[in-house]
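The opening position of the sequence shown corresponds to residue 1 in my numbering, with each subsequent residue numbered one higher. Idealized CB from N, CA, C, for every residue including glycine.
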Amino acid sequence: MTGDFPRLLPAGDSAILIEFADEIRDDVNDRVHAFAQLLDGMRPQGAKLQTIPAYSSLLVCYDPREISFNALRDQLNRLITQSPNSPSRESRVIEIPTRYGGAHGPDLEFVARHNGISEEKVIRLHTRAAYRVYFLGFIPGFAYLGSVPEKIAAPRLETPRTRVPMGSVGIAGRQTGVYPAESPGGWRLIGRTDLKMFDAQREEPSLLRAGDLVKFVEIL
């Protein structure tokens, strides 16, 4: 890690980007979500804030008609010193039943061959780990999960698919995730789940939330 952190940087005319580090680590992601929790519901000088967490940064959106950049930056700098290092909310453990390989996971064979192991070992390693939900993005309900064991890491497709079926489970680098809706995508597909990852009619539309732990369970 280099440089002085946290760093507060302007992001356009209505947001501040807070960088907590320049690397992906669980303890850094804990700080991101702890500070997001601290800011939730706060209205500095009456201004409403929106927070968008990522791996090691937090985007704080605001209305410049309600508060100036300098005033908000000063308040955030003060609040950071009061923020805990981890969120107060306990992590939930969510199990995702998954069918691997075949039509459900057309890239399982590639992931195995790329790493010099069997398809069965890819499945065994993928289901053995508990994955942290670092943040949600890309499309509603898409959770970025990590980190997969190095032995099953795989590069993205050189040319993304124009259609990835809803529920597809993919790997990209050392990330894994579930496509909550049919969409284009470039991750290596190793399986599919019937769980509905996002439903706008639910009280909590996204099945997963940042800070959850996810375990994949093989089903036939």
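Range covered by the beta strand (DSSP E) that runs through residue 135: Taking the first residue of the sequence shown as 1, we reach residue 135 at position 135. Following the DSSP letters along the chain, one finds residue 135 inside the beta strand (DSSP E) bounded by residues 131-136.
DSSP has residue 53 in a bridge; who is on the other side? As a position in the sequence shown, residue 53 is number 53, starting the count at 1. 58.
Below 8 Å, can you find three or more Cβ-Cβ pairs linking the stretch 145-155 to the stretch 168-185? With contact defined as three or more Cβ pairs closer than 8 Å, the stretch 145-155 and the stretch 168-185 are in contact.
Decide if the stretch 91-107 is in contact with the stretch 41-54; the criterion is three or more beta carbon pairs, one per stretch, under 8 Å apart. Fewer than three pairs of CB atoms, one per stretch, sit closer than 8 Å, so the stretch 91-107 makes no contact with the stretch 41-54.
Can the beta-carbon of residue 56 be found less than 9 Å from the beta-carbon of residue 19? The residue given as residue 56 occupies position 56 in the sequence shown. The residue given as residue 19 occupies position 19 in the sequence shown. In this structure, residue 19 lies closer than 9 Å to residue 56 by Cβ.
Any chance you could list the alpha helix (DSSP H) runs of at least 4 consecutive residues sitting entirely within the stretch 69-150, in chain order? You should have 69-80, 108-115 and 119-128.
Count the other CB atoms within 10 Å of the CB of residue 76; is the residue buried (16 or more) or exposed (fewer)? Stepping through the sequence shown from its first residue, residue 76 is reached at position 76. In the assembly as shown, residue 76 is a buried residue. Its beta-carbon has 16 or more other beta-carbons within 10 Å.
Please return the same chain residues whose Cβ sits closer than 8 Å to the Cβ of residue 146, not counting the five positions on each side in sequence. Taking the first residue of the sequence shown as position 1, residue 146 is located at position 146. Spatial neighbours of residue 146 in its own chain (CB-CB distance under 8 Å, excluding positions within 5 residues in sequence) are listed in chain order as 24, 131, 132, 134, 174, 175 and 176.
Is DSSP giving residue 220 helix, strand or coil here? Position 220 of the sequence shown, counting from 1, holds the residue named residue 220. Coil.
Whole-Å CB distance - residue 5 paired with residue 15, under 8 Å assumed: Working through the sequence shown from its first residue, we reach residue 5 at position 5. Working through the sequence shown from its first residue, we reach residue 15 at position 15. The Cβ separation is near 18 Å, so there is no contact.
Go ahead and label residue 1 buried or exposed: buried means 16 or more other beta carbons lie within 10 angstroms of its beta carbon, across all protein chains shown. By one-based count along the sequence shown, residue 1 stands at place 1. Here the model assigns residue 1 a pLDDT of 44, short of 50, so the residue's position is not dependable, and the following value carries that caveat. So residue 1 counts as exposed.
Run the CB neighbour count on residue 219, radius 10 Å, all protein chains shown included, and call it buried at 16 or more, exposed below. Looking up residue 219 in the sequence shown gives position 219. By the Cβ-count criterion, residue 219 is exposed, with fewer than 16 other Cβ atoms from all chains shown falling within 10 Å of its own Cβ.
Secondary structure of residue 174, DSSP reduced to three states: Here residue 174 is taken as the residue at index 174 of the sequence shown, counted from 1. If DSSP states are grouped into helix, strand and coil, residue 174 belongs with coil.
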